[in-house]
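Taking my numbering, I'd label the letters of the sequence shown as residues 280 to 467.
C-beta atoms are modelled at their ideal positions from N, C-alpha and C, and glycine is treated no differently.
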Amino acid sequence: METYGRYLNVVDVEATCWEGRPPGGQVSEIIEIGLTVVDVEERVRVGKHRILVRPEHSTVSAFCTELTGLTQEEVDGGVPFAEACEVLREHRADSRVWASWGDYDRKQFRRQCDAGVRYPFGAHVNAKQQFAVAQGWSKGVGMHRALEVAGLPLEGRHHCGADDAWNIAALVLGLMARGAWPEVKVGG
């Protein structure tokens, strides 16, 4: 029985970061949301989206640019976080199951939404945890290592939200093919 509906959203975020502690008054904020839509019935990736988000309480450090490729000028052209959440709702984020690699993305959204923005998502699946269980491991590994284990290529740039969501979706499809993906009720 299909419990997902037809589509699954795979999300990966990039956030402002520093080599050490954040400078005074700055906090880590989402600056890019990558979204890949997976057609669960056809078992294919059908959409790749990128939302740039303008941070309100931090700036992009040189370390962050080196890691993500994003510059302050690029994210200055992004949308406010609340608007980015509305864009996610246009992709039915609130009514589709969504997956991310680990729990960081979910926690980062929760933390930022605590400042008065409606949380945009429904039920979540931790793809990193599902991959570890499928491998018989007690602990998960990073996305890049998981791709190597699965025999899949890294498509695009690692630490680019849109590319990472695309790659995570490939791992999810592999888990689905093996019968190692959980059934999650839509809205539950």
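CA-to-CA, the gap between G299 and G356 works out to about 26 Å. Shown here for R385: same chain residues with a beta carbon closer than 7 Å to its own, the five before and five after excluded, namely S379, H403 in chain order. The Cβ atoms of G419 and V292 do not sit closer than 8 Å to each other.
One thing to note: D373 has its Cβ no nearer than 8 Å to the Cβ of G395. Here the C-alpha atom of S417 lies approximately 17 Å from the C-alpha atom of P461. Boundaries of the alpha helix (DSSP H) harbouring L454: 440 to 456, taken from the DSSP string. Burial is judged here by how many other beta carbons sit within 10 angstroms of a residue's own beta carbon; V319 has at least 16 and is buried. Of the candidates V339, A429, R333, A406, A406 places its Cα closest to the Cα of V376.
Going by C-alpha positions, Y286 is about 34 Å away from E352. In this structure, DSSP gives L346 a helical state, which the three-state scheme calls helix.
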